[in-house]
Amino acid sequence: MVATEFMSTEKNNLIFGIHAVEMALKAGDQVTEIWLQKDAQNKRLLNLLMAVEKSGLRINRVSLQDLDRLCNERHQGVVASIHAVHLKSEKDLKVALKQWDKPLILILDCIEDPRNLGACLRSADAAGVTAVVFGKDKSASITPITHKTAAGAVEHLELFQVTNLVRAIEAIKEAGVWVYGTALDEASMDIYQADLTGPVAIILGNEGKGLRHLVKQSCDHLIHIPMAGEVQSLNVSVATGVALFEVVRQRNLA
């Protein structure tokens, strides 16, 4: 089906960029409609058009200017509408904890930048995490920017958005999961000296302030990534990748 008029669309249900749309299409029934640059010559975009035509989805062939009005980010000639991401609750988390065997859980404490959130989710998917848990307040939500940066990870992760992060952490601990908070603190240990081979949750804190006090108090242990240079901190998404893949490394050697 081809149309030239934009439908009324919730902005937060839009994704953009060739790779993000390709991954959403592969995820199944995520995509509901697509807007594609009508005079595009990009080979990847034309291949995407062929895939969409085969799927039977509604295709809107529109001008570059129309796409710019629909999405003010670097869209690469394609924007898609998707079903709202299903974020599970704290209640769902408590049920899931009873079913997981030696989980690897990523907990994000007040990550404010949607790009950082997306990059953390991309690392989480690559590391094969069991679930990602984050709060409703003072945290970025799943936006089109998050989808773009996550490069398809959003559609494949178990995402839990909770009202009270400390309470969720306590539930995770009660399920027999060891909770490690990342913090450059006198009480923290070198991440490479910590035993991360069991059921583990890793907490990453806010881009500027790190872990909140109550969250830090809720941890079983504090860990840090040793720095060889003058810089004493990493971007939160980079730190997420380092921490998660250290868990993966240790588990592979165990």
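Residue numbers for the sequence shown, in this note's numbering: 93 to 346. Virtual Cβ for every residue (Gly too), placed ideally from N, Cα, C.
If you drop the 5 nearest sequence neighbours on each side, which residues of the same chain put their C-beta closer than 8 angstroms to that of residue i?
| i | result |
| --- | --- |
| L41 | This structure cannot speak to residue 41, because the chain is shown only from 93 to 346. |
| C163 | L106, F108, V171 and P236 |
| V307 | D201, L257, V258, I261, G273, I295 and G297 |
| Q342 | D287, L288 and T289 |
| A119 | G244, E247 and H248 |
| E182 | F252, V254, T255, N256, R259, A260 and A263 |
What would DSSP say about residue i, mapped onto helix, strand or coil?
| i | result |
| --- | --- |
| T124 | strand |
| Q309 | helix |
| L345 | helix |
| L276 | coil |
| Q168 | coil |
| V323 | coil |
| I203 | coil |
| G244 | coil |
| A119 | coil |
| I295 | strand |
| V271 | strand |
| A232 | coil |
| L198 | strand |
| G333 | helix |
| Q210 | First, the residue type needs correcting, since residue 210 is Gly and not Gln in the sequence shown. The answer is helix: DSSP assigns G210 an H, G or I state. |
| T101 | At T101 the pLDDT is 48, less than 50, meaning the model places this residue with poor confidence and gives no usable figure here. |
Within its chain, find whatever has a CB closer than 7 angstroms to the CB of residue i; leave out the 5 residues flanking it on each side and keep chain order.
| i | result |
| --- | --- |
| V328 | I203, N208, C212, L296 and E299 |
| T101 | With a pLDDT of 48 at T101, under the threshold of 50, the predicted position of this residue should be treated as unreliable, though the coordinate-derived value follows. Once the five neighbours on either side are set aside, the close Cβ partners of T101 are S173. |
Between the options, which lies nearest to residue i when the distance is taken from Cα to Cα?
| i | options | result |
| --- | --- | --- |
| V154 | S147, G148 and L141 | L141 |
| V269 | D312, G227 and V246 | D312 |
| V330 | A216, I234, S231 and E322 | A216 |
| S147 | T332, E125 and K230 | E125 |
| P291 | P195, K118 and R166 | P195 |
| P318 | V307, K180, G220 and T274 | T274 |
| I283 | A267, V254, V334 and S173 | V334 |
| I264 | S310, L326 and L179 | S310 |
| Q324 | D277, A293 and V221 | D277 |
| K228 | D158, K180, K186 and L149 | K180 |
| A232 | T332, D205 and T255 | D205 |
| V123 | H305, K135, R150 and T222 | R150 |
| K301 | L326, E322, V187 and A293 | L326 |
| V187 | A223, R161 and N344 | A223 |
Going by other Cβ atoms of all chains shown within 10 Å of its Cβ, with 16 needed for buried, is residue i buried or exposed?
| i | result |
| --- | --- |
| H175 | exposed |
| A320 | exposed |
| Y272 | buried |
| E114 | buried |
| D193 | exposed |
| T226 | Residue identity check: residue 226 is Phe in the sequence provided, not Thr. Looking at its Cβ environment, which holds 16 or more other Cβ atoms inside 10 Å, F226 is buried. |
| K316 | Looking at the sequence itself, residue 316 is His, so the reference to Lys does not match. Buried is the call here. |
| S280 | buried |
| E250 | buried |
| L156 | exposed |
| A191 | Residue identity check: residue 191 is Gln in the sequence provided, not Ala. Its Cβ having fewer than 16 others within 10 Å, Q191 is exposed. |
| A143 | exposed |
What does a CB cutoff of less than 6 angstroms around residue i pick up in its chain, not counting 5 residues either side in sequence?
| i | result |
| --- | --- |
| A242 | G210, L213 and R214 |
| A346 | T289 |
| H239 | I107, A112 and V246 |
| L303 | D201, G273, A275 and G297 |
| A219 | L336, F337 and V340 |
| D184 | none |
| A132 | G169 |
| A267 | L189 |
| E145 | none |
Per the DSSP calculation, residue i is bridged to which residue(s)?
| i | result |
| --- | --- |
| D193 | For D193, which the question treats as bridged, DSSP gives no partner whatsoever. |
| S173 | L106 and E125 |
| R150 | E125 |
| N134 | N134 is not bridged to any residue. |
| D282 | H316 |
| K180 | F252 |
| A223 | I197 |
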